[in-house]
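One line per chain: the protein sequences are A and B, in this order. So the numbering used here is basically just the index in the first sequence, starting at one, shifted up by 503. So the numbering used here is basically just the index in the second sequence, starting at one, shifted up by 366. Report on the structure given below.
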Amino acid sequence: MTFKTKKRLKKITQHTLLGLFTLVMLYPLIWMLASSLKESSNVFVDAHSLIPSAWEFSNYVDGWKGFAGISFTTFYKNTFIIVGITTIGSIIFSAVAAYGFARINFTGRKMWFALMLMTMMLPFEMVMIPQYIMFNWFELIDTYLPLILPTFFGYPFFIFLMIQFIRTIPKELDQAARIDGCNTISIFFRIIVPLIVPAMMTSTIFSFYWRWDDFMAPLIYLQSPEKYPVSLALKLFSDPEAVTNWGALFAMTTLSLLPIMIIFFIFQRYIVDGISTSGLKG
Amino acid sequence: MQEAQTEERQLNTPPDPSSMKKRKKPVKDIDNKMGYLFLSPFIFGTIAFMLFPMAYSLYLSFTDYNLVGTPQWAGLANYKEMFTNDPQFWDAIRVTFFYAGTAVPVRLVFALLIALALNKVVEMVGIYRTLLYLPSIVGGSIGVSIMWRQLFGNDGAINSFLESIGLQGHSWLGDPDTAIWTLVILYGWQFGSSMIIFLAGLRNIPSIYYEAAEVDGAKPLQKFFKITIPMLTPVILFNVIMQVIHGFMAFTPAFIVTEGGPINSTLLYVLYMYRQAFQFFDMGYASALAWVMLLIIGIFTAIIFKSSDYWVHYDN
C-alpha cells in the first residue's frame, strides 16, 4: 500500500466514524421531526422508524389550536413579549455597566466587580423563593414583571463579556475623543457603543435563547393559561394523562425548537465566539 | 484592569507635584459620579434581585412561613428536621450527588474526546462542530425533555428499535435502577458547549511544543499526556466548575421526564426544593434547603479550586 492510499484510507475511516457518531447524536431530533409528520395513530407503530408512512402536516394544524380554546398564536406572542423586553433591557444596561467597569476609575470598583463575578456563579434557583415572596408582596404574581425585572437591569454574564470586549479597544481612542471635546458620557455613545456591537449581538442571541427556554420562572409565577409562554404551554399540552393526539404533541414540540435552531444557524459565528472567549454556558 | 487604569491616570496627571494634589480630587469626584451613574442600574438590580433576596432567604430559613401571615421564628428547627427527620431530603441528596457525579464526567469526557477527534480532522470540521453542538443548543428547552420522555417511554423509539432487532424492551422510566440513567444520558448528550471550549483550548496550544517533542522522539501517546492534557488543564478546571454547579441545579429533566419517580429515584434536589416551596408552600423549610445546597456547592467549588494547585498547569 502506498503512503497516499494509506492516508486516504485513514481519512475515509475518520469521516465514517465521525459521520456515524453525528447521526446517532442527531437521531433523537430527527426522530422527533419524523414523528411529527406521522399519522397520529401511527406514531407508536414502529416508533423508531424515521420515515413517516404519509406526510401528515395536519398534526401541525391540529396542534396549533392549543388547548382550553387558546391557540399557540397567543403562546408565541407571549413568549416574544417576555423575551423581547427582557433582552432589550439586559443588553442596554449590561453595556452601560460594562463601560463603567472597564473605563471609569471610581472608588469601590473592585468590590462591585467581585460582587458581579459572584452573582455570575449564583444560580437562579437559589433566589427564586425570596424573589417569589417579594413579588407576592407587590401583588405581581401572574404578571410578566417577575419574569422580566430580575435580568432587566443587566446580566452579569453579558457585562463580563462586554468588559472583555471593551478592554480590547485602545484607550487612545477615548483620549483622542476627549481632546475633541467628548466627555465620559458621549465617549460611551459615540466611541464604545458602535465598537462593541459584536459583543452586544452575542449577548442578544444568548439572552434570546435562555429566555426562550426559561421554564421555571413561568412555572412558578404564571397562573392564567392565556398568559403562558410556549415553554409552559407545552408542559400542559404534554401532560401524559391529557394527551390524546400524539402527532400534534410532536408537531408543537418540534415547532418550539425551530426559532432557537434558526437563530443558531444564522448567528453561529457569534455563539461560537462567545463561548470560546468567555466560556458562556451553552 | 485596575493597574492599567491607575497607570493611565498617572500619565494623564501633570508631573508637577504641587499641582497634582489640587487637581487629583476633582478628577476623582467626576470619576466617582460617572462610575456610579453608569453602574446604577446594575447596582439597583443586584441589590433588589440578588443581595436582598439572599439575605431574606437566610432569615426565612430560620422561620416557619407558609405565605400566609408573617414568618414565625423557629431557630434551627428547619435544619434539624432536614438532617434528622426527613428521609426525602437524604433521597434528594443521594440522587443529586449520583447525578452530578455521573452526568458531569460523562459530558466532559465526551466533549474532550470529540474535541480531540475534531482537532485531528482537517476538512468539514465546521459542519461536524455545528451538528454536534445542536443538542446543546436545544437541550435546555422543555421540548427536548418531552421528546426524551417519549424516546425512552414504553412504546418509544428505543424499545421499538430493540424489539426490531429481536431484543426485549425495558421500562426505562418505570424502573428505579434505569430512570436516573435516562437523565444522565440526556445531560451527557448536550456536550456541545464544553466541546467548543475544549476545541478552542486545543487550538491555543502552540504547535512548537509538539514539534520539539517530535524532535526528541516522543510517541503520540506521550505527546497527549505530556503536552495536550497539561496544556488543557485550565480549560478543564473551568469546565468542571461550571458543569458541577449546573449539574447540582438540574430541574427541568427530572420535572418533565420522570417527575422525580419512580420511588424518588430521580428526585433531584431542586425538584424537592420546588415541591416544598410551591406545592406545600413551606417557604422556611425550602429556604433552608436552598442554603444547604449553596453551602454544598460552595464547598465543592472551594475543593476543586484548592486541588487545582496540584493538577492545573498554567503556561506563563
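From the three backbone atoms N, C-alpha and C, an ideal C-beta is built for every residue, glycine too. Values in this document were obtained by computation on a predicted structure and should not be read as measured data.
Can you list, in chain order, the residues of its chain with a C-beta nearer than 8 angstroms to that of residue i? Leave out the 5 residues immediately preceding and following it.
i: W555 (chain B); result: P501 and G505
i: T545 (chain B); result: Here residue 545 (chain B) turns out to be Ala, not Thr, going by the sequence shown. Taken in chain order, the residues that qualify are W538, L539, T624, G627, P628, S631 and T632.
i: F547 (chain A); result: W749
i: F616 (chain A); result: F604
i: F527 (chain B); result: none
i: Y680 (chain B); result: P600
Using a Cβ cut-off of 7 angstroms, pull out every chain A residue sitting near residue i, in sequence order please.
i: G540 (chain B); result: Under the 7 angstroms cutoff, chain A gives no residues; its nearest Cβ is about 12 angstroms from G540 (chain B).
i: D452 (chain B); result: Those within 7 angstroms of D452 (chain B) in chain A number zero; the least Cβ separation is about 17 angstroms.
i: M615 (chain B); result: P626 and E628
i: V636 (chain B); result: E628
i: A620 (chain B); result: Result: empty, since nearest Cβ-Cβ is about 12 angstroms, beyond 7 angstroms.
i: G522 (chain B); result: A550
i: Y422 (chain B); result: P633
Residue i to residue j, Cα distance in whole Å?
i: L760 (chain A); j: G401 (chain B); result: 41 angstroms
i: I662 (chain A); j: A600 (chain A); result: 7 angstroms
i: T429 (chain B); j: L523 (chain A); result: 56 angstroms
i: S650 (chain A); j: W713 (chain A); result: Note that residue 650 (chain A) corresponds to Leu in the displayed sequence, not to Ser. Each residue's Cα considered, the two are about 12 angstroms apart.
i: T519 (chain A); j: A720 (chain A); result: 43 angstroms
i: I571 (chain B); j: D776 (chain A); result: 18 angstroms
i: T516 (chain A); j: M490 (chain B); result: 14 angstroms
i: S593 (chain A); j: F655 (chain A); result: 5 angstroms
i: L442 (chain B); j: A654 (chain B); result: 9 angstroms
i: N432 (chain B); j: A652 (chain B); result: 10 angstroms
i: L722 (chain A); j: Q634 (chain A); result: 14 angstroms
i: R772 (chain A); j: I763 (chain A); result: 15 angstroms
i: K513 (chain A); j: I531 (chain B); result: 31 angstroms
i: I662 (chain B); j: I632 (chain A); result: 18 angstroms
i: L484 (chain B); j: S689 (chain A); result: 46 angstroms
i: F753 (chain A); j: D717 (chain A); result: 20 angstroms
i: L540 (chain A); j: D549 (chain A); result: 14 angstroms
i: Y445 (chain B); j: W657 (chain B); result: 10 angstroms
i: T754 (chain B); j: Q667 (chain A); result: There is simply no residue 754 (chain B) to check, as chain B begins at 367 and stops at 682 in what is shown.
i: F638 (chain A); j: L529 (chain A); result: 41 angstroms
i: K387 (chain B); j: M623 (chain A); result: Here the model assigns K387 (chain B) a pLDDT of 48, short of 50, so the residue's position is not dependable and the matter cannot be decided.
i: F646 (chain B); j: R460 (chain B); result: 22 angstroms
i: Y724 (chain A); j: M755 (chain A); result: 23 angstroms
i: V564 (chain A); j: A751 (chain A); result: 8 angstroms
i: F767 (chain A); j: F740 (chain A); result: 26 angstroms
i: A584 (chain B); j: P531 (chain A); result: 42 angstroms
i: L521 (chain A); j: L553 (chain A); result: 21 angstroms
Counting only Cβ pairs nearer than 7 angstroms, list the residues of chain B close to residue i.
i: P555 (chain A); result: Under the 7 angstroms cutoff, chain B gives no residues; its nearest Cβ is about 14 angstroms from P555 (chain A).
i: T610 (chain A); result: N398
i: L549 (chain A); result: Here the sequence assigns Asp to residue 549 (chain A), which means Leu is not the residue at that position. S526, listed in chain order.
i: G603 (chain A); result: G401, F404 and L405
i: Q771 (chain A); result: T496
i: L676 (chain A); result: Neighbours of L676 (chain A) on chain B: none; closest Cβ ~13 angstroms, over 7 angstroms.
i: L618 (chain A); result: T412
For a contact defined as C-beta to C-beta under 8 angstroms, what are the partners of residue i on chain B?
i: S689 (chain A); result: Going along chain B, no residue has its Cβ under 8 angstroms from S689 (chain A), so there is no contact; the nearest lies around 12 angstroms.
i: Q452 (chain A); result: Residue 452 (chain A) is absent from the model: chain A starts at 504 and stops at 785.
i: W558 (chain A); result: Those within 8 angstroms of W558 (chain A) in chain B number zero; the least Cβ separation is about 19 angstroms.
i: A600 (chain A); result: F404, L405, P407 and F408
i: M764 (chain A); result: L500, I503 and V504
So residue i contacts chain A; which residues on that side make the cut at Cβ distance below 9 angstroms?
i: W555 (chain B); result: M528 and P531
i: S530 (chain B); result: D549, H551 and S552
i: S673 (chain B); result: Simply none; closest approach about 18 angstroms.
i: D430 (chain B); result: Chain A residues near D430 (chain B): none, gap ~14 angstroms exceeds 9 angstroms.
The ligand ZN heavy atoms versus the CB of residue i: any closer than 7 angstroms?
i: V510 (chain B); result: With respect to the ligand ZN, the structure offers nothing, as it holds no ligand at all.
My assumption, with CB atoms under 8 angstroms, is that residue i sits in contact with residue j. Please give the rounded CB distance.
i: T525 (chain A); j: Y494 (chain B); result: 6 angstroms
i: F404 (chain B); j: I607 (chain A); result: 7 angstroms
i: P619 (chain B); j: S511 (chain B); result: 5 angstroms
i: S559 (chain B); j: L474 (chain B); result: The pair is not a contact, with the Cβ atoms about 11 angstroms apart (cut-off 8 angstroms).
Quick one: residues in its chain with C-beta nearer than 6 angstroms to the C-beta of residue i, no 5 flanking neighbours on either side, listed in chain order?
i: Q726 (chain A); result: D645
i: A736 (chain A); result: F578
i: T514 (chain B); result: Residue 514 (chain B) is actually Trp in this sequence, not Thr. Cβ within range, chain order: L552 and V623.
i: M597 (chain B); result: I571
i: F590 (chain B); result: none
i: K790 (chain A); result: Outside the shown range of chain A (504 to 785) lies residue 790 (chain A), about which nothing can therefore be said.
Once you ignore the five residues that flank residue i on each side, which residues in its own chain have a CB closer than 7 angstroms to its CB?
i: A440 (chain B); result: F428, T429, D430 and G650
i: I669 (chain A); result: A601, Y602, A605, R606, I695 and I699
i: V678 (chain B); result: T599, P600 and L603
The region 638-661 of chain B: positions lying closer than 8 angstroms to chain A by Cβ: Within the region 638-661 of chain B, the residues whose Cβ lies closer than 8 angstroms to any Cβ of chain A are, in chain order, M639, Y640, A643, F644, M649, A652, S653, A656, M659 and L660.
Output, in sequence order along the chain, the residues in the region 465-483 of chain B whose CB is closer than 9 angstroms to any CB in chain A. Within the region 465-483 of chain B, the residues whose Cβ lies closer than 9 angstroms to some Cβ of chain A are I480 and A483, listed in chain order.
Members of the region 511-527 of chain A near chain B, C-beta cut-off 7 angstroms: If you check each beta-carbon in the region 511-527 of chain A against every beta-carbon of chain B, the ones closer than 7 angstroms belong to Q517, L521 and T525.
Give the residues from the region 501-513 of chain B that approach chain A closer than 8 angstroms (Cβ to any Cβ), ordered along the chain. Per Cβ criterion, the list reads P501, S502, I503, V504, G506, S507, I508, G509, V510, I512 and M513.
Below 7 angstroms between beta carbons is the criterion; list the residues of the region 570-601 of chain B that meet it against any residue of chain A, in chain order. Contact residues of the region 570-601 of chain B toward chain A are absent (C-beta to C-beta distance below 7 angstroms).
When Cβ atoms are compared, which residues of the region 735-750 of chain A fall closer than 7 angstroms to chain B? Residues of the region 735-750 of chain A with a C-beta less than 7 angstroms from any C-beta of chain B: L737, K738 and S741, listed in chain order.
Within 9 angstroms of chain B by C-beta, residues of the region 639-653 of chain A in sequence order: Hits within the stretch, in order: N639, L652 and P653.
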